[in-house]
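Quick notes on the structure that follows.
Residue numbers (our numbering), protein chains in the order written: chain A, 1 to 149; chain B, 1 to 122.
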């Protein structure tokens, strides 16, 4: 399935001062922090089934099985500056959900969470819808009856 | 370990890290991705803090590299600076931390602190 991308520049969040530098010294937020917050926030939105592309999810399931991967960061890439952050997300959505509505909800939630927690201004949240998930996809396939006895 | 008294730099490093770790939203010190935020004394590595002398006036630049809970990080870092300055003042190192840089290198998402002001899911 072809991925659908949606992108919009964000308006400046309601933070009193985007600067992470004060008289007492500066505060630095690592990419890993913003990545984790974005991944958690995106999953809070109803209708998001999973994050990550097909290959990412397959590799992720292997790395998580051996304890070195983190599901919460798969499908999330970020660029973090001193005052601003940009986020790219790859998502799998539940079939039947409105993709434009979900994209707006994901954008709003992710940028609010990042701004609230880190104080960074989120300049953009780019969303790539990589696949659809159907309710029966996770059901195990029943064994077929032999056609002959 | 040695019985020799620790230098002011080392003392300040220990004091700063302990002050930070005493905060309930701080999980641990972390050397950072490059592994450079450490203080080593006689082979003992203390991860998550480095202190560098600034000139000869007895003032130091303190860097704390930390893993924290998911809480608003700007207020947390200001609180940590204040704690370090208070601890330094109590132990006669007042004025020695000229700047205190706080690096948040990771957050623990499985331990969301009650102080986190998050909205309910949409």
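Note that the Cβ used here is the ideal one computed from N, Cα and C, for glycine as well.
Within the same chain, show all residues whose beta-carbon is closer than 6 Å to that of residue i, passing over the 5 residues directly before and after it, in chain order.
| i | result |
| --- | --- |
| residue 17 of chain A | Summary for residue 17 of chain A: the model assigns pLDDT 41, below 50, so the residue's position carries little reliability; its value from the coordinates is reported in the next sentence. Closer than 6 Å at Cβ, skipping near neighbours: no residue. |
| residue 38 of chain B | 31, 45 and 47 |
| residue 97 of chain A | 47 |
| residue 86 of chain A | 79, 123 and 124 |
| residue 105 of chain A | 45 |
| residue 27 of chain A | 20 |
| residue 87 of chain B | 15 and 19 |
Counting only C-beta atoms, is residue i closer than 8 Å to chain A at any point?
| i | result |
| --- | --- |
| residue 38 of chain B | no |
| residue 51 of chain B | no |
| residue 72 of chain B | yes |
| residue 77 of chain B | yes |
| residue 54 of chain B | no |
| residue 47 of chain B | no |
Tell me which residues share the same chain as residue i and place their Cβ nearer than 8 Å to its Cβ, disregarding the 5 neighbours each side in the sequence.
| i | result |
| --- | --- |
| residue 83 of chain B | 19, 20, 22 and 23 |
Would residue i count as contacting chain B if we go by Cβ distances under 8 Å?
| i | result |
| --- | --- |
| residue 36 of chain A | yes |
| residue 26 of chain A | yes |
| residue 48 of chain A | no |
Could you tell me whether any non-hydrogen atom of the ligand GTP is closer than 7 Å to the CB of residue i?
| i | result |
| --- | --- |
| residue 138 of chain A | No copy of the ligand GTP appears in this structure; indeed no ligand is present at all. |
Within the continuous alpha helix (DSSP H) that includes residue i, where are the two ends?
| i | result |
| --- | --- |
| residue 35 of chain A | 31-44 |
Counting only the same chain and skipping the five closest in sequence on each side, list residues whose C-beta sits under 7 Å from that of residue i.
| i | result |
| --- | --- |
| residue 117 of chain A | 37 |
| residue 76 of chain B | 25 and 68 |
Between which two residues does the beta strand (DSSP E) harbouring residue i extend?
| i | result |
| --- | --- |
| residue 11 of chain B | Taken as a continuous stretch (DSSP letters only), residue 11 of chain B belongs to no beta strand (DSSP E), being part of the alpha helix (DSSP H) at 8-21. |
| residue 50 of chain A | 48-51 |
Could you run through the region 89-106 of chain A and flag, in chain order, every residue whose CB is less than 7 Å away from some CB of chain B? Listed in sequence order: 105.
Could I get the ranges of all uninterrupted beta strand (DSSP E) runs contained in the region 85-148 of chain A, with 3 residues as the minimum, in chain order? Unbroken beta strand (DSSP E) runs of no fewer than 3 residues, entirely contained in the region 85-148 of chain A, are found at 121-133, following chain order.
What are the residues of the region 118-143 of chain A that lie near chain B, defined by any Cβ-Cβ distance shorter than 8 Å? Listed by position, the residues of the region 118-143 of chain A near chain B (Cβ gap below 8 Å) are 118 and 119.
3 or more residues per run - each beta strand (DSSP E) lying fully within the region 59-106 of chain B: List check, beta strand (DSSP E) in window: 59-69.
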